[in-house]
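Only one structure is covered here, and it is reproduced in the block below.
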Amino acid sequence: MQSSHLSPPHGHPSSVFQFEDNGEIGVFSKLTNAYCLVAIGGSEDFYSAFESELAGLIPIVKTFIAGTRIIGRLCVGNKNGLLVPHTTSDQELQHLRDSLSHQVVVRRIEQRLSALGNCIACNDHVALAHTDLDEETEEIIADVLGVKVFRQTVAGNILVGCYCALSNRGGIVHSHTSEEELDELSTLLRVPLVAGTVNRGSEVITGGMTVNDWTAFCGSDTTATELSVIDSIFKLGEISNIYKIWDSLVTESEVPVMVMFTQDGWPPCRYVRHVMDELDSKYTGRFKFYTLNVHEETGIAIRYDIFNVPTTIVFKGGDEMARVYGSNAMVVRRLVEQYV
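Quick note: the sequence shown uses full-length UniProt numbering, first residue 1, plus one each step.
Next up, the structure:
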């Protein structure tokens with residue numbers, strides 16, 4: 001695994017495509033701030049659509065769940081964890097655990113309502129849950145995902161995971177949701193909500209889209225008007241995408257993070273980057289490593305007073321712990337050993 005490059009997604013905030021002529025892309029994928037799951041067996045174009053936006057930011061994992069490709073229907077997760085149904089095989093469970101950061105808790109749960117993605121909607125802080133989920137499952141959701149759980153319906157529908165898509169910045173719900181219910185849900189979830197559709201009028205929101213804090217992927221039938229609503233409620237059109245990514249990957253990281261500020265074509269940067277790749281392999285899950293091009297992301301460079309490259313900074317708990325200038329590999333190694 002190589003150290004990742006911190007850069008914002010390019011192009012339109014919401015990407016539009018399909019899964020084997022099927023616009024219900026949310027059925028075959030699951031996106032969070034910490035990982036993206038993609039069904040095995042889809043066309044390479046389907047995987048590439050996610051890769052073009054997410055590569056270098058979060059892991060993109062090809063997988064089956066319960067031997068099927070409808071992974072978005074069967075699992076639910078956020079940056080803290082991933083819950084899969086009891087029908088998930090041991091091999092699938094191990095594959096997911098091996099593919100995701102050790103900070104992401106992957107748990108298989110015994111619950112008769114096995115389509116967890118249909119029954120639960122969540123972001124990194126709160127979750128809406130099917131009213132018939134048992135108490136043990138509710139406790140597991142709260143514990144593994146680190147969220148406050150509310151048993152609720154959306155526009156009279158108990159399958160809240162189908163009719164509500166959430167990020168930490170906003171949410172879209174079934175188009176028949178009343179203004180009164182919108183206000184109630186928004187107060188409960190502490191994010192702005194809008195009633196809307198995807199895929200040219202579909203009310204099954206999460207069937208036609210998947211979203212995190214900085215990008216959304218929508219089915220190919222989604223109209224320009226629907227995309228405009230999605231980009232607006234999730235605040236995806238803001239220029240500050242890089243700051244959202246920075247906060248998610250660096251400021252909010254639970255393990256130390258080393259960021260090397262570089263510029264294109266600078267030989268010392270390439271040398272130190274090689275050392276960071278080596279350290280990344282050695283300390284996987286215990287230390288994160290990123291590089292950031294100061295010419296591409298001037299705002300972050302200015303925020304941290306980066307006037308010379310390479311400059312390498314170690315962050316822990318969002319705070320700057322140490323800073324070194326130049327391409328001294330020995331110093332870089334020493335810093336990692338000090339803060340790991």
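In this text, a Cβ means the ideal position worked out from N, Cα and C, and glycines have one as well.
- Task: Work out the CA separation of Thr137 and Ser186 for me, nearest whole Å.
- Result: 24 Å
- Query: If you run the structure through DSSP and keep just helix, strand and coil, what is Arg303?
  - Reply: Of the three classes helix, strand and coil, the one that applies to Arg303 here is helix, per DSSP.
- Query: Are Val336 and Leu249 close, meaning C-beta to C-beta below 8 Å?
  - Reply: no
- Query: Is the distance from the Cβ of Val259 to the Cβ of Leu292 below 8 Å?
  - Reply: yes
- Task: Enumerate in chain order the residues of its own chain whose CB-to-CB distance from Ala322 is below 6 Å, with the five nearest sequence positions on each side excluded.
- Result: Val314 and Leu335
- Query: Measuring CA to CA, which of Val104, Thr32, Gly56 and His86 is closest to Gly67?
  - Reply: Among Val104, Thr32, Gly56 and His86, the Cα nearest to that of Gly67 belongs to His86.
- Buried versus exposed, by CB contacts within 10 Å (16 or more), residue 341: One cannot answer for residue 341 here, as it falls past the ends of the chain, which runs 1 to 340.
- Return helix, strand or coil for Ile239, following the three-state DSSP convention. For Ile239, the predicted structure reports a pLDDT of 45, less than 50, and the residue's modelled location is therefore unreliable. A value from the coordinates is still provided. Per DSSP, reduced to three states, the secondary structure at Ile239 is coil, with no helix or strand assignment.
- Straight-line gap, Ala216 to Thr284 (C-alpha atoms, nearest Å): 28 Å
- Sub-8 Å separation of Leu74 and Val84 beta-carbons: yes
- Query: At what residue ranges does the region 48-133 contain a whole run of the beta strand (DSSP E), taking only runs of 3 or more?
  - Reply: 60-63, 81-85, 105-109, 120-122 and 126-129
- Neighbour-count burial assignment, Val149, 16 or more Cβ in a 10 Å radius: Around the beta carbon of Val149, a 10 Å sphere encloses 16 or more other beta carbons of the protein chains shown; the residue is thus reported as buried.
- Query: In three-state DSSP terms, what is Ile140?
  - Reply: helix
- Message: Can you look up Leu159 in the DSSP assignment and give me helix, strand or coil?
- Response: In the displayed model, Leu159 falls within coil according to three-state DSSP, outside both helix and strand.
- Three or more beta-carbon pairs under 8 Å between the region 214-233 and the region 14-33, yes or no? The count of Cβ pairs closer than 8 Å, one atom from the region 214-233 and one from the region 14-33, reaches three, so the stretches are in contact.
- Item | DSSP state of Arg290 mapped onto helix, strand, coil | Note that residue 290 is Tyr in the sequence shown, not Arg. Three-state DSSP puts Tyr290 in a strand.
- Query: What three-state label does DSSP hand Ile40 in the structure shown?
  - Reply: coil
- Is the CB-CB distance between Thr206 and Ala155 below 8 Å? no
- Message: Taking the straight line between their C-alpha atoms, what separation do you get for Arg200 and Gly208?
- Response: 10 Å
- Task: Go through its chain and collect everything with a Cβ distance to Val340's Cβ below 8 Å, but skip five positions before and after it.
- Result: Pro256, Tyr283, Arg286 and Phe287
- When the Cα atoms are used, what is the spatial distance from Tyr243 to Arg190? Those two C-alpha atoms are separated by around 21 Å.
- Throw me the rounded Cβ distance for the Thr63 and His95 pair, which I believe falls under 8 Å. 6 Å
- Can you say whether Arg303 is buried or exposed, counting buried as having 16 or more other CB atoms within 10 angstroms of its CB? exposed
- First and last residue of the alpha helix (DSSP H) that includes Val331? Ala329 to Tyr339
- Provide the residue span of the beta strand (DSSP E) that contains Glu320, from first to last. Asp319 to Tyr325
- In the DSSP assignment, what residue or residues form a beta bridge with Ser29? Val38.
- Message: What would DSSP say about His12, mapped onto helix, strand or coil?
- Response: Note that His12 has pLDDT 40, beneath the 50 cutoff, so the model's placement of it is unreliable and the number below is only indicative. Of the three classes helix, strand and coil, the one that applies to His12 here is coil, per DSSP.
- Item | Alpha-carbon to alpha-carbon, Thr32 and Leu145 | 12 Å
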